[in-house]
Ligand SMILES: Cc1ncc(COP(=O)(O)O)c(C=O)c1O
Ligand SMILES: Cc1ncc(COP(=O)(O)O)c(C=O)c1O
């Protein structure tokens, strides 16, 4: 199970790193090379985003990546193929990230089965609150896959607790209001919020939205368990090429 | 008095000819030459139109002439000067034709005085029905000037009679509905109408709107007393020059 | 001789003889209709089912707060079908045309508003329709021409005179003297020969009747002043009609264009450039020269760009029953922008003249008092003019791109 | 967990976690307002003083005669302030925003109609306002952008996705997840996550309530069928709401664009190109491919050019409570031209879809029966599109001349 795996890693690392790529952007070949580079850099787990035409919770950078991947011909089938390969070849856990329509059109149960088949360990579906996810929860549960849910600074205490009852693997704590890719002020405010998250669940906490560099990761160390680096790696690849990925990741932790 | 003069001429001519010019169009100099040419051709009396910016009862040809005369600088003062000269130099009666605002702004009484002064014998004011013309009638009457009124095919019998009581000189019978310059079908219908006019007034009848050539004049002979040639002479001057005026007028009667 | 529609010496019927019978019929038909209580009911019924009457009286809360004086109400003639008070007049005359058994209507138009309204009425009643419009106006008001044509009207571009509203009126009269048997001339404002000033006022009086009732309901008392822009004077007469017997100040606002001193304006009731004259069939104040030739006029609002004015308003001026002010193009565009921003209302450029004056006076009035501004029409029809007044570069680029595509 | 707005399995709330509290507040505020009788009264009061409600129900005498079947009535939402039924929804949500104490509103817009309506409401209520609009729509609906800016709104051209309505909705959500504390998202149609479908329907139900009362007054009986165009579904739901418990056929008309076979259309409820999916926060029929990626849509009417549709209409389709038809661009332009010519009414291109279907069916119905067509908006906003559809050369020349002057 994902949680067990993460706990084990946490015995050796004060904080884990999770990165994110959009499948098919800039191409599936490049995606493979990026995964390779990230693993070489020492990431602990990765989100593979299946592109969707309406990525409502994503900011401009990831949004554009979604569109370009689709324009270049990315399909769900090719994303599954890709996941199959990286799960076999790399020793870290991979998660799918996508919007609910991708799962819904595939068939939620069939999708969970396909994930299990290919060794994908869990999924993040930002537009699927637990209340809408009964089928999904059942299907994931049946295959011991982790449905990753989200905490936000706006989530009320009783809701944090309720979400904790269905979440598996870890909880993804959105560091601030807004979409992916915008700047986050890492502040006392954030510390407070993470304390509330910690109180609500025994699961490891991933912290995302706006983690850019080593000082951000340092800030999170001791407060969260996983630092999520999303948009920043896309920016680095776009400006400095895939060759810059490994040193970037490596540089995030001391 | 105008009527007496006309009756005298009618002893020698079965039908009289009245022509029309717009003062200042194309220029006052040309107007003088046109009057000269018309008198040479044998016209019996003439309308001198003082141009107005809103000649509501005139068709496109005379309308344009009004505008161009004004654009070239025609003023009421220059029109009076012109009238003064032609009345002195030519042996036929001249009438003013204009819209009421010209008289009104000048002062109706002053205008009548100016006419009398210069020897103009009467006036046609197509937008001044007798009901609106008490001042005008009084002023004209005081100077034995002829206020020429209009009959139309739409004028009801009792109104024909009423107009007859204030009209002097002659009555202008509009041959048809419409503005100046459009074609008129000279028909039994017209004959009928003129019979009604004749019955309503003892004054000579002028017939206007659409008289173009000798056959029109022949048709009118015996039915009316004066054939009015308006737009047609402007057309002839525009297409054939002032030189064509005398032969044209001469050719209208046998 | 019987009544010829004089108001302290203004008005009258200066019409070509050929129309005398037509006017007799029209006067008779109008008198009969007016004294038939069923007629007004029929009129109200059509205005409430085909247009949106009664139009609302909107309390302009934000403007009131901003100016800190009188409580400002706006009478919403912009919500009429076709977007202006012109609908009131054309539907009324349309009912008369049916009574007279005529089958064709003609009209002049300046802004295009009255042309669209007439063409609409003609479509609804199944009349043939020809609209006369100065060539200059055809060019600047093309959207309205487009809709008139879609409505089945023939739009004739008038190329004579100054090629604007007054020339279109002349041309309509020329049509009428030719086709009076089949045709009624739907004059668009409270001008022209009797009975038009009275008749148009009668139909537009629905504005004032409603406004009076509405303000009494809302405020429990009469307004201290009411404001209307003055082109020909129909929307002003419409609003004023409701308050003639009341202690209410009537304020008419004319178009001062580029300023009274510039000569480029349309101020007839409070400018030395105007004097009493007779044209287009009636006696009133005209912008004319010493000889009586009409002058060119100017206003950013095409519907106010006219040389004459209702003889009834000339009377009101003479006897002091109404006060007349003027607003410049610049003031008008500013008041328009401010009203849009503050209240979400988009008055027509014409109507914005009334807003200018009300804005000047509201702060000086008692906060317990109410005033009414007549929003005679809606301003989205004016986008080509307003966008130019604002000099909006994005709009210009849009037009340039559009043109590019048409050229291709 | 409590009610999440499902209609036979359509609807729901597929929202990012960060909005959960915002939606809880919104649902609570809406529930409270709806169960407070003073709220609806306040709503009706503002709609009758700021807009022109009740809007008339116009008997289309000429169309009725022409088709020789059912008596055709037209519900005149075009006479609303800002020119469409969108006003009903925005004013209602505006009142809620005041109740919730928020100070800023955002909205998506396609045709621009909802954007103008929202910007108007924001000006009136003194809210800050940002409007998201696909870049393609910004280009084709420039006049509306101009007015939104004059109304004080910030208009953001959305350059992502297909750069039309659905992308504007996504972008509005992105704003909302950032600014939910100060900001309310005024969704423009009966789509999106709960409570929007229910809430927008509630405000738009004023159309159907009035129409039912009006037709009973006029005809003494119910209509046999009522017709509305279907974009997101708000005007249709508004009209239908009045007749849900009656034996009245509800007919929704979608945009068949260049024809169902062409793929260039926006038919979600009666086309094999559509299937059930979840996007933009709710479950309904979407035009999407097998993977669940949304397709491009097309309609001559920008307001119908949308991939999703109200979940309540999906339910009506599923349970057979409404019938759905489609009209092609060509049919729409023809019906528009015919309606203008015959009745002097200028429906919006969106609304003209409903006219197409009514014209097909009216001749087959009993002359003693009545039908109602919802004229959801006025068509003069569409002049750039309509002039192109008619290929009017004079209009093109006008634009070319105008561009020439801007270039100079
Ligand atoms: C909206 C609007 N207001 C006012 C006017 C001026 O006319 P009147 O003075 O007759 O009301 C016009 C004329 O076209 C108009 O369109
Ligand atoms: C006039 C008009 N009608 C209809 C629609 C379609 O929306 P709905 O289906 O929500 O009524 C729009 C959308 O912009 C519109 O502007």
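Residue numbers (our numbering), protein chains in the order written: chain H, 1350 to 1603; chain W, 1350 to 1603; chain U, 972 to 1379; chain B, 972 to 1379. Note that beta-carbon positions come from the ideal geometry of N, C-alpha and C, so glycine has one too. A quick note: this is a predicted structure, and the numbers were derived from the prediction, not measured.
For this session: Could you please give the first and the last residue of the uninterrupted alpha helix (DSSP H) stretch that includes residue 1065/B?
Result: Within the fourth chain, numbered from 1, the residue matching residue 1065/B stands at position 94. Bounds of the alpha helix (DSSP H) holding residue 1065/B are 1057 to 1071.
For this session: Write down the C-beta distance between residue 1454/W and residue 1262/U rounded to the nearest angstrom, noting that I regard them as a contact closer than 8 Å.
Result: Within the second chain, the letter at position 105 stands for residue 1454/W. Within the third chain, the letter at position 291 stands for residue 1262/U. About 6 Å; that satisfies the 8 Å criterion.
For this session: Would you identify the three-state DSSP class for residue 1401/H, choosing helix, strand or coil?
Result: Taking the first residue of the first chain as position 1, residue 1401/H is located at position 52. Three-state result, residue 1401/H: coil.
Exercise. How about residue 1223/U: is its Cβ closer than 6 Å to a heavy atom in ligand 1?
Worked result: Sequence index remark: in the third chain, residue 1223/U carries index 252 (1-based). Set against 6 Å, the gap from the CB of residue 1223/U to the closest heavy atom of ligand 1 is not smaller.
Exercise. Is residue 1358/U near ligand 1, judged by its Cβ being under 6 Å from some heavy atom?
Worked result: One-based indexing of the third chain puts residue 1358/U at position 387. False, no ligand heavy atom lies under 6 Å from that Cβ.
Exercise. Helix, strand or coil: which one does DSSP assign to residue 1409/W?
Worked result: As a working note, residue 1409/W is residue 60 in the second chain. Residue 1409/W falls in the helix class under three-state DSSP.
For this session: Say whether the region 1361 to 1370 of chain H touches the region 1393 to 1401 of chain H, bearing in mind that this needs 3 or more beta-carbon pairs closer than 8 Å, one atom from each stretch.
Result: yes
For this session: Report the three-state DSSP secondary structure of residue 972/U (helix, strand or coil).
Result: Position 1 of the third chain, counted from the first residue, corresponds to residue 972/U. Model confidence at residue 972/U stands at a pLDDT of 36, short of 50, so the residue's coordinates are unreliable; what they give is reported in the following sentence. In the structure shown, residue 972/U sits in coil (DSSP, three-state: anything other than H, G, I, E or B).
Problem set entry | Opening and closing residue of the beta strand (DSSP E) in which residue 1041/U lies | Numbered from its first residue, the third chain carries residue 1041/U at position 70. Premise fails: residue 1041/U is in no beta strand (DSSP E) and is neither H nor E.
Problem set entry | Rounded C-alpha distance that separates residue 981/U from residue 1165/U | Against the third chain, residue 981/U aligns to sequence position 10. Against the third chain, residue 1165/U aligns to sequence position 194. One C-alpha to the other measures close to 10 Å.
Exercise. So which of 1292/B, 1359/B and 1270/B has the shortest CA-CA distance to residue 1082/B?
Worked result: In the fourth chain, residue 1082/B corresponds to position 111, counting from 1. Minimum Cα distance to residue 1082/B is reached at 1270/B.
For this session: Kindly say whether residue 1575/W, judged by its beta-carbon, lies nearer than 7 Å to any beta-carbon of chain U.
Result: In the second chain, the residue the question calls residue 1575/W occupies position 226. Not one chain U Cβ lies under 7 Å of residue 1575/W.
Exercise. Which residue comes first and which comes last in the alpha helix (DSSP H) that contains residue 1289/B?
Worked result: As a working note, residue 1289/B is residue 318 in the fourth chain. That run of the alpha helix (DSSP H) goes 1282 to 1290.
For this session: Give a single yes or no on whether residue 1201/B has its beta carbon closer than 6 Å to a heavy atom of ligand 2.
Result: In the fourth chain, the residue the question calls residue 1201/B occupies position 230. Within the cutoff, so yes.
Exercise. Using the C-alpha atoms, what's the distance from residue 1366/H back to residue 1094/B?
Worked result: As a position in the fourth chain, residue 1094/B is number 123, starting the count at 1. As a position in the first chain, residue 1366/H is number 17, starting the count at 1. Straight across, the Cα-Cα distance linking residue 1094/B with residue 1366/H is about 48 Å.
Problem set entry | Which listed residue (1020/U, 1024/U, 1026/U and 1033/U) has its alpha carbon closest to that of residue 1028/B | In the fourth chain, the residue the question calls residue 1028/B occupies position 57. Nearest C-alpha to residue 1028/B: 1020/U.
Exercise. What residues are listed by DSSP as bridge partners for residue 1258/B?
Worked result: What you label residue 1258/B is simply residue 287 of the fourth chain in a count that begins at 1. In the DSSP output, where bridge partners are listed per residue, residue 1258/B has 1245/B.
Exercise. In whole angstroms, what is the alpha-carbon distance linking residue 1259/B and residue 1239/B?
Worked result: Position 288 of the fourth chain holds residue 1259/B. Position 268 of the fourth chain holds residue 1239/B. For residue 1259/B and residue 1239/B, the distance between alpha carbons rounds to 10 Å.
For this session: Quick one: which unbroken beta strand (DSSP E) runs of 3-plus residues sit fully inside the region 1204 to 1238 of chain U? Chain order, please.
Result: The qualifying runs are 1220 to 1228.
Problem set entry | Alpha-carbon to alpha-carbon, residue 1115/B and residue 1316/U | By 1-based counting over the third chain, the position of residue 1316/U is 345. By 1-based counting over the fourth chain, the position of residue 1115/B is 144. Roughly 14 Å separates the two Cα atoms.
For this session: Check each residue of the region 1416 to 1448 of chain W: if its Cβ is closer than 7 Å to any Cβ of chain U, include it; give the result in chain order.
Result: If the cut-off is 7 Å between Cβ atoms, the region 1416 to 1448 of chain W has 1416, 1419, 1424 and 1425 near chain U.
For this session: Residues of the region 1487 to 1519 of chain W with a CB closer than 9 Å to any CB of chain U: list them in chain order, please.
Result: So the list reads 1498, 1499, 1500, 1501, 1502, 1503, 1504, 1505, 1508, 1511 and 1512, given in the order they occur along the chain.
Problem set entry | Cβ-based neighbour list, residue 1391/W, same chain, cut-off 8 Å, excluding 5 preceding and 5 following | The residue given as residue 1391/W occupies position 42 in the second chain. Hits under 8 Å: 1366, 1598, 1599 and 1602.
For this session: May I ask whether a heavy atom of ligand 1 can be found less than 6 Å away from the beta carbon of residue 1082/U?
Result: Walking along the third chain from the start, residue 1082/U turns up at place 111. Checking every heavy atom of ligand 1 against the Cβ of residue 1082/U, one is found closer than 6 Å.
Problem set entry | Cβ pair residue 1463/W, residue 1489/W closer than 7 Å | Position 114 of the second chain, counted from the start, is the residue given in the question as residue 1463/W. Position 140 of the second chain, counted from the start, is the residue given in the question as residue 1489/W. Not in contact: residue 1463/W and residue 1489/W (Cβ atoms no closer than 7 Å).
Exercise. Across which residues does DSSP place residue 1581/H in a beta bridge pair?
Worked result: Counting from 1 along the first chain, the entry for residue 1581/H is found at position 232. Per DSSP, none; premise fails for residue 1581/H.
Exercise. The alpha helix (DSSP H) spanning residue 1351/H covers which residue range?
Worked result: Within the first chain, the letter at position 2 stands for residue 1351/H. First-last of the alpha helix (DSSP H) with residue 1351/H: 1351 to 1361.
For this session: Compute the minimum distance between the beta carbon of residue 1204/U and the heavy atoms of ligand 1, and state whether it is under 6 Å.
Result: Locating residue 1204/U in the third chain gives position 233, where the first residue counts as 1. Taking the Cβ of residue 1204/U as the reference point, at least one heavy atom of ligand 1 falls within a distance shorter than 6 Å.
Exercise. Near residue 1217/B, what residues of its chain come up, given a Cβ to Cβ distance below 6 Å and the 5 sequence neighbours on each side ignored?
Worked result: As a working note, residue 1217/B is residue 246 in the fourth chain. Shown here for residue 1217/B: same chain residues with a beta carbon closer than 6 Å to its own, the five before and five after excluded, namely 1193 in chain order.
Problem set entry | Residue-chain proximity (residue 1402/W, chain U), Cβ-Cβ < 7 Å | Looking up residue 1402/W in the second chain gives position 53. Interface residue, yes.
Exercise. Name the chain B residues that come within less than 7 Å of residue 1033/U, Cβ to Cβ?
Worked result: Here residue 1033/U refers to the residue found at position 62 when the third chain is read from its first residue. Those are 1097, listed as they occur along chain B.
Exercise. The region 1120 to 1146 of chain U: which residues have C-beta closer than 7 Å to a C-beta of chain W, in chain order?
Worked result: 1131, 1132, 1137, 1141, 1144 and 1145
For this session: Give me the Cβ distance between residue 1497/H and residue 1364/H, rounded to the nearest whole Å; I'm assuming they're in contact under 8 Å.
Result: Along the first chain, one-based indexing puts residue 1497/H at 148. Along the first chain, one-based indexing puts residue 1364/H at 15. No, residue 1497/H and residue 1364/H are not in contact; Cβ-Cβ is about 17 Å, not under 8 Å.
Exercise. Per DSSP, what kind of secondary structure is residue 1164/B in: helix, strand or coil?
Worked result: Locating residue 1164/B in the fourth chain gives position 193, where the first residue counts as 1. In the structure shown, residue 1164/B sits in coil (DSSP, three-state: anything other than H, G, I, E or B).
Exercise. Checking contacts by CB at 7 Å: is residue 1484/W closer than that to chain U?
Worked result: Here residue 1484/W refers to the residue found at position 135 when the second chain is read from its first residue. No, its Cβ sits nowhere closer than 7 Å to a Cβ of chain U.
Problem set entry | chain W contacts from the region 1237 to 1257 of chain U (Cβ-Cβ distance under 9 Å) | 1246, 1247, 1248, 1249, 1250, 1251, 1252, 1254 and 1257
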